[in-house]
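Printed below as a string of structure tokens:
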């Protein structure tokens, strides 16, 4: 029995008022099972009675639609031999519409604000339920006139704007499929994604601002549209361009003169494509009731993309019912989201957390959206937003919390965060010290939920729950209905040992598959390592508290002398040292072993002296082990990451070992890889 002390525990009042407590009471009221008293018992029940759990979640969250009489059936094999968990079909008789569920709160509360938007230019916009319905209906009419119907793909190349939400809702109201990337993606990266899924319509923006700089998108939009038409063999891709930036600021970065803007807009409007400006679209049609095309539970809703760092991005296709049902479970039961809560998540449209965030509308929450840098002009911006909009759930990443620490910014000293109930963090492991930072410097009484899942399931495998204690360095628990286990190499479940995160049952939110895949690529991605078990590729440990500690991705786990070391263990120590902003550690292959090579980004006016390298090595030796000490340490100008901010450890490992990096377009700053190659080549000789 563990004697570990929690860093936070919910009050009796908070437990009693939680959605999760109400859900437990609803299960106990059925009088069909042994009474449930706590989360652990509820989780066990949700695994043993999986069908009943998902049915009750449907009813509790009040999904609009016809559930049907069958919870599941065994589907046709997706690849070669049958695989029960892979092939299971959930709610085969159900019919529903995603947008209808997200807009029901707006229909019932037309005068309440459902979107609160801010950007780094200091602009604010609030949208009521009726305004949202009106604009969705107008965009829906335009899409219909463009020939969009059930099963067609509509793409967004956009920042996170209210218009992005509106375009997605109009698309999904028709039973069409939404896919998106953020505007920082380059032309080749966009074409690699959208070229595979063949959109009928493209939403884009004329520009955006980030970190005080303006970025003109119009030429990129023009090139992408032209090349998509060539790739898809037609010349009628419909384009709607949103004027997010008024191009009349003096000499802003990437910004043409007003005359150039007028000339460009004239050129794009007169080309062969069906083009319309967002404002013109709103003026062209009249308000009407939104029409909803209900579709089967397993009809495609979203196409998301893998990072593409190992080859062509996978087009991961998620279902209407699976996505909605799982998001409602995670929002209402795990995050305790309630009607009229103000829910914020800092994300881009190229990250699955965008899809996760917008689904909060289905719980009656108000979306709080911010477009811009989270630390420009300083570290206060998101906390000013949280205070101004009375945010109840604040969603962020471990890297952002690390940046706050480096900036020595303590929100609790500068902001009234009375409304804040929950902080969610994802993207990478949240270190024990970061838990302490949150409770000491943001808010003492807050539910800190370190959550982990992925684009692969558009949701979480492990996350928080509001009725149980929080322990430093741990994700609280596996999700309800999710049989997460940790397997050793032999495929046996282990506790308090490092291993592979797996899911040992079927989930409604598993992907339908990969777009235009015959099933082979999907099977090999998740189902090939252990028989009939989803293998996620995370290096983790299940603790005595039934929480999870993450050490990194399995394919980048370090292995010096045959000892498995997670990169998160190294970052936890190195990134907290004075003078170091960030770091990345990879394995340099030798004849019969592997060495750890560490690259660090230093603060301005800090140099990688023998004294600093000595501190790094001594810290890792004392706080971790001699095996954690890097053989080589290099200073680099930046840390290479994906466009969603994740470290590209595998790409760096390929560079230092002289291997080909297959897809540079997936990396936000690929020039750093060349810097690393030149720097490390001298050592490799």
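Numbering (the UniProt record's numbering), first residue to last: 1 to 685.
Virtual Cβ for every residue (Gly too), placed ideally from N, Cα, C.
| message | For residue 417, which residues in the same chain have their Cβ closer than 6 Å to its Cβ, ignoring the five residues on either side in sequence? | response | Looking up residue 417 in the chain shown gives position 417. Sequence-distant Cβ neighbours of residue 417 in its own chain, meaning closer than 6 Å and more than five residues away, are 443.
| said: What residue range does the beta strand (DSSP E) around residue 76 cover? | reply: Counted from its first residue, the chain shown places residue 76 at position 76. For residue 76, no beta strand (DSSP E) run applies, since DSSP gives it neither H nor E.
| Any idea if residue 149 is buried or exposed, counting beta-carbon neighbours within 10 angstroms, 16 or more meaning buried? | On the chain shown, residue 149 is found 149 positions in, with the first residue counted as 1. The residue in question, residue 149, is exposed, as its Cβ has fewer than 16 Cβ neighbours within 10 Å.
| query | Which whole-angstrom value describes the C-beta separation of residue 140 and residue 282, a residue pair presumed to lie in contact below a C-beta threshold of 8 Å? | reply | In the chain shown, counting from the first residue as 1, residue 140 sits at position 140. In the chain shown, counting from the first residue as 1, residue 282 sits at position 282. About 12 Å; that fails the 8 Å criterion.
| field | Whether residue 346 touches residue 422 by CB criterion (9 Å) | value | Position 346 of the chain shown, counting from 1, holds the residue named residue 346. Position 422 of the chain shown, counting from 1, holds the residue named residue 422. No, the pair does not count as a contact, with Cβ atoms beyond the cut-off.
| field | Pairwise C-alpha distance: residue 518 and residue 670 | value | Stepping through the chain shown from its first residue, residue 670 is reached at position 670. Stepping through the chain shown from its first residue, residue 518 is reached at position 518. In this structure, the alpha-carbon of residue 670 lies about 32 Å from that of residue 518.
| From 552, 644, 324, 390, residue whose alpha carbon lies closest to that of residue 585 | Here the question's residue 585 lines up with position 585 in the chain shown. The shortest CA-to-CA distance from residue 585 to any of 552, 644, 324, 390 is the one to 552.
| Going by DSSP, which residues form a beta bridge with residue 450? | Within the chain shown, residue 450 is the residue found at index 450, counting from 1. According to DSSP, residue 450 bridges with 425.
| request: Compute the distance between the beta-carbons of residue 313 and residue 307, then report whether it is under 9 Å. | output: Taking the first residue of the chain shown as 1, we reach residue 313 at position 313. Taking the first residue of the chain shown as 1, we reach residue 307 at position 307. Less than 9 Å divides the Cβ of residue 313 from the Cβ of residue 307.
| Alpha-carbon to alpha-carbon, residue 179 and residue 676 | Residue numbering aside, residue 676 sits at position 676 when the chain shown is read from its first letter. Residue numbering aside, residue 179 sits at position 179 when the chain shown is read from its first letter. Spanning the two alpha carbons is a distance of roughly 34 Å.
| Those runs of the alpha helix (DSSP H) which lie wholly inside the stretch 178-214 and span at least 4 residues | At a cut-off of 4 residues, the continuous stretches assigned as alpha helix (DSSP H) that sit fully inside the stretch 178-214 are 187-197.
| Do you know whose CA, among 581, 515, 593, 589, lies nearest residue 193's CA? | If you number the chain shown from 1, residue 193 lands on position 193. Of the listed residues, the one whose Cα sits closest to residue 193 is 515.
| request: List the DSSP bridge partners of residue 486. | output: In the chain shown, counting from the first residue as 1, residue 486 sits at position 486. Residue 486 is bridged to 501.
| said: Between which residues of its own chain and residue 620 is the CB-CB distance below 6 Å, once the five residues before and five after are set aside? | reply: Within the chain shown, numbered from 1, the residue matching residue 620 stands at position 620. These residues qualify, in order along the chain: 573, 628, 629.
| field | Alpha-carbon spacing of residue 131 relative to residue 351, whole angstroms | value | As a working note, residue 131 is residue 131 in the chain shown. As a working note, residue 351 is residue 351 in the chain shown. Put simply, the backbone Cα of residue 131 is about 27 Å away from that of residue 351.
| query | Using a Cβ-Cβ cut-off of 7 Å (strictly less than) and excluding sequence neighbours within five positions of residue 647, which residues of its own chain qualify? | reply | Along the chain shown, one-based indexing puts residue 647 at 647. Counting only Cβ-Cβ distances below 7 Å, and skipping sequence neighbours, we find 584, 639, 641.
| said: Helix, strand or coil, according to DSSP, for residue 88 in the structure here? | reply: As a working note, residue 88 is residue 88 in the chain shown. Residue 88 falls in the strand class under three-state DSSP.
| field | Exposure label - residue 33; buried when at least 16 CB within 10 Å | value | Taking the chain shown and counting its residues from 1, the one referred to as residue 33 is at position 33. It is exposed - the Cβ of residue 33 has fewer than 16 other Cβ atoms within 10 Å.
| request: For the beta strand (DSSP E) containing residue 539, list its first residue and its last residue. | output: The residue given as residue 539 occupies position 539 in the chain shown. Here the beta strand (DSSP E) through residue 539 covers 534-542.
| task | Output the boundary residues of the alpha helix (DSSP H) element that contains residue 432. | result | If you number the chain shown from 1, residue 432 lands on position 432. Residues 432-441.
| said: For residue 92 and residue 660, what's the separation of their Cα atoms in angstroms? | reply: Sequence index remark: in the chain shown, residue 92 carries index 92 (1-based). Sequence index remark: in the chain shown, residue 660 carries index 660 (1-based). Here the alpha carbon of residue 92 sits roughly 44 Å from the alpha carbon of residue 660.
| query | From 215, 98, 109, 228, pick the residue whose C-alpha is nearest to that of residue 165; which is it? | reply | Indexing the chain shown from 1 puts residue 165 at position 165. The closest CA to that of residue 165, considering only 215, 98, 109, 228, is found on 98.
| message | Our contact map puts residue 60 next to residue 26 with C-beta atoms below 8 Å; I'd like the distance itself, whole angstroms only. | response | In the chain shown, counting from the first residue as 1, residue 60 sits at position 60. In the chain shown, counting from the first residue as 1, residue 26 sits at position 26. That pair is a contact at about 6 Å.
| What three-state label does DSSP hand residue 419 in the structure shown? | Reading the chain shown from its first residue, position 419 is the one you call residue 419. It is coil, neither helix nor strand.
| said: According to DSSP, is residue 21 part of a helix, a strand, or is it coil? | reply: As a position in the chain shown, residue 21 is number 21, starting the count at 1. DSSP places residue 21 in helix when its eight states are reduced to three.
| task | Whole angstroms is fine: what's the gap from residue 500's alpha carbon to residue 486's? | result | Looking up residue 500 in the chain shown gives position 500. Looking up residue 486 in the chain shown gives position 486. Approximately 5 Å between the Cα atoms of the pair.
| field | Among 603, 505, 357, 336, nearest to residue 575 - alpha-carbon criterion | value | Counting from 1 along the chain shown, the entry for residue 575 is found at position 575. Nearest option by C-alpha distance: 603.
| Pick from 155, 210, 390 that is closest to residue 198, judged by C-alpha positions | Walking along the chain shown from the start, residue 198 turns up at place 198. Of the candidates 155, 210, 390, 155 places its Cα closest to the Cα of residue 198.
| In terms of alpha-carbon separation, which member of 295, 220, 325 lies closest to residue 185? | If you number the chain shown from 1, residue 185 lands on position 185. For residue 185, the closest alpha carbon among the candidates 295, 220, 325 is that of 220.
| query | Under the three-state reduction of DSSP, which class applies to residue 676: helix, strand or coil? | reply | Indexing the chain shown from 1 puts residue 676 at position 676. Helix, per DSSP.
| Are there 16 or more other CB atoms within 10 angstroms of the CB of residue 415, so buried, or fewer, so exposed? | Counted from its first residue, the chain shown places residue 415 at position 415. Label assigned to residue 415: buried.
| query | Leaving out the 5 sequence neighbours to the left and right, which residues in its chain are closer than 7 Å to residue 410 when beta-carbon positions are compared? | reply | As a first step, residue 410 must be located in the chain shown, where it is residue number 410. The answer, listed in chain order, is 441.
| field | Helix, strand or coil at residue 137 [DSSP, three-state] | value | Walking along the chain shown from the start, residue 137 turns up at place 137. The answer is helix: DSSP assigns residue 137 an H, G or I state.
| Residue environment, residue 337, which counts as buried when at least 16 other CB atoms sit within 10 Å | Within the chain shown, numbered from 1, the residue matching residue 337 stands at position 337. Residue 337 sits buried, since 16 or more C-beta atoms from the chains shown fall within 10 Å of its C-beta.
| query | Under three-state DSSP, which class holds residue 125? | reply | Indexing the chain shown from 1 puts residue 125 at position 125. Correct three-state label for residue 125: strand.
| message | Suppose you measure from the CA of residue 507 to the CA of residue 462; what does that come to, to the nearest Å? | response | One-based indexing of the chain shown puts residue 507 at position 507. One-based indexing of the chain shown puts residue 462 at position 462. Distance between the alpha carbons of residue 507 and residue 462: 13 Å.
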